[in-house]
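Trainee: Numbering (this note's numbering), first residue to last: 49 to 328.
Using N, Cα and C, we set each Cβ at its ideal position, and we do this for glycine too.
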Amino acid sequence: MGATGTGKSRLSVDLATSFPAEVINSDKMQVYKGLDIATNKITDEERCGVPHHLLGVIDPESDFSAANFSAMASSAVESILVRRQLPIIVGGSNSFIEALVDSDFRSRYDCCFLWVDVALPTLHSFVSDRVDRMVGRGMVDEVRDFFHPQADYSRGIRRAIGVPELDSFFRTESFSDDVETRALILAEAVDRIKTNTSKLACLQLEKILRLRNVKGWELHRLDATDVFRKHGGESEAAWENTVSRRSAAIVSRFLFDRRRVAYTGSALGMEGSLMAAASY
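Here is the structure:
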């Protein structure tokens with residue numbers, strides 16, 4: 049778990065290439081088909097051959113609830129365990145994770161929670177730069193394909209940050225030939241996307257702290273702030289040392305602790321006996 053932009057998807061692939069694992073997406077916007085740039089879906093190349101579930105599979109016009117996620121994620125976990133693989137649940141939608149864990153899930157599986165954290169001032173700066181990169185990759189054209197004058201921004205994939213913010217630009221674009229006016233409105237829309245993404249990060253952090261401090265979830269906090277403050281090889285080294293290796297060690301202890309093995313009989317040999325729901 050972790051706020052938007054903290055590196056959750058990257059870590060999930062790191063772990064899935066260190067252990068025999070498959071990834072289950074728990075981001076409520078990334079479950080939908082389409083808007084790959086706007087929803088910041090992990091690319092095929094970035095997946096490194098790791099199987100991903102619940103990623104870009106739901107009709108963009110439909111609603112997908114926490115209950116829907118719980119049912120589909122539970123089914124995916126069962127299928128992954130049958131293949132003797134480790135299920136890794138990854139995403140920023142803490143309401144989905146909470147609904148899943150609060151179902152009968154926790155009574156069936158042991159869970160290891162990894163929380164990737166980045167200091168908010170550092171994260172806000174990164175998020176702003178990331179939005180600029182998304183625009184450069186074609187986000188505006190991508191969202192334009194989903195624009196409709198009577199669109200309902202409270203349903204389906206149109207709830208995603210980046211879609212309602214661009215509405216005024218597309219409306220102006222349809223009747224104004226003034227290049228400067230259109231550029232100004234687009235810049236304002238991009239600023240709103242950055243602001244709303246930063247607000248989302250704050251809300252996600254608040255929910256994570258509630259899960260830890262109020263509900264008593266045992267979360268392994270991974271401070272990735274230095275990764276975002278450094279550049280090039282230093283940033284890569286910081287990620288490897290402070291996030292990737294430490295996470296692998298935590299998951300390894302979770303799976304292979306002798307006391308657990310003695311209690312269950314085997315680490316992954318008994319279906320449902322052990323599972324790392326590393327939701328980050």
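1) On the DSSP letters alone, give me the boundaries of the alpha helix (DSSP H) that H172 sits inside.
2) For the alpha helix (DSSP H) containing N244, name the first residue and the last one.
3) By the three-class DSSP mapping on this structure, what secondary structure does I145 have?
4) Skipping 5 residues on each side, what residues in its chain have a beta carbon closer than 7 Å to that of S143?
5) Are the region 191-200 and the region 211-219 touching by the rule of at least three beta carbon pairs closer than 8 Å?
6) When the Cβ atoms of the region 55-73 are set against those of the region 172-186, are three or more pairs found closer than 8 Å?
7) Contact between the region 255-263 and the region 278-294: three or more CB pairs below 8 Å?
8) Run the CB neighbour count on G204, radius 10 Å, all protein chains shown included, and call it buried at 16 or more, exposed below.
9) If we count the other Cβ atoms within 10 Å of its Cβ and call it buried at 16 or more, is R293 buried or exposed?
10) Within the continuous alpha helix (DSSP H) that includes F304, where are the two ends?
11) Considering A121, what are the terminal residues of the alpha helix (DSSP H) in which it resides?
12) Please classify D165: does DSSP put it in a helix, a strand, or coil?
13) Find the nearest neighbour of D111 within the set T245, Y80, D189 and V166, judged by alpha-carbon distance.
14) Determine, using beta-carbon pairs with one atom in the region 53-61 and one in the region 118-135, whether at least three such pairs fall under 8 Å.
15) Go ahead and label G186 buried or exposed: buried means 16 or more other beta carbons lie within 10 angstroms of its beta carbon, across all protein chains shown.
16) If I256 and L162 are in contact, beta carbons under 8 Å, what's the gap, nearest whole angstrom?
17) Output the distance between the C-alpha atoms of L134 and I233, rounded to the nearest integer angstrom.
18) In its own chain, which residues sit with a C-beta less than 8 Å from the C-beta of I332, not counting the 5 before and 5 after it?
19) Tell me which residue opens and which closes the beta strand (DSSP E) that R269 is part of.
20) Tell me, to the nearest whole angstrom, how far the beta carbon of F302 is from that of C160; I am working on the premise that it is less than 8 Å.
21) Applying the criterion that 16 or more other CB atoms from any shown protein chain within 10 Å of the CB defines a buried residue, is R306 buried or exposed?
22) What three-state label does DSSP hand V191 in the structure shown?
23) I'd like to know if G264 contacts chain C, where contact means its C-beta is closer than 8 Å to some C-beta of that chain.
24) Provide the residue span of the beta strand (DSSP E) that contains V71, from first to last.
Mentor: Here's the rundown:
1) L168 to G184
2) V227 to N261
3) helix
4) A114
5) Because the criterion of three Cβ pairs below 8 Å is met, the region 191-200 and the region 211-219 touch.
6) no
7) no
8) Buried, since its Cβ has 16 or more Cβ neighbours within 10 Å.
9) exposed
10) R293 to F304
11) A114 to V130
12) It is a strand residue.
13) Y80
14) no
15) Result: exposed.
16) Not confirmed; about 11 Å, so no contact.
17) 47 Å
18) With the chain covering 49 to 328 only, the question about residue 332 has no answer from this structure.
19) L267 to D271
20) 4 Å
21) Bear in mind that the predicted position of R306 carries a pLDDT of just 47, short of 50, making it too unreliable to give a figure here.
22) helix
23) Judged by its chain identifiers, the structure shown contains no chain C, having just a single protein chain.
24) A69 to N73
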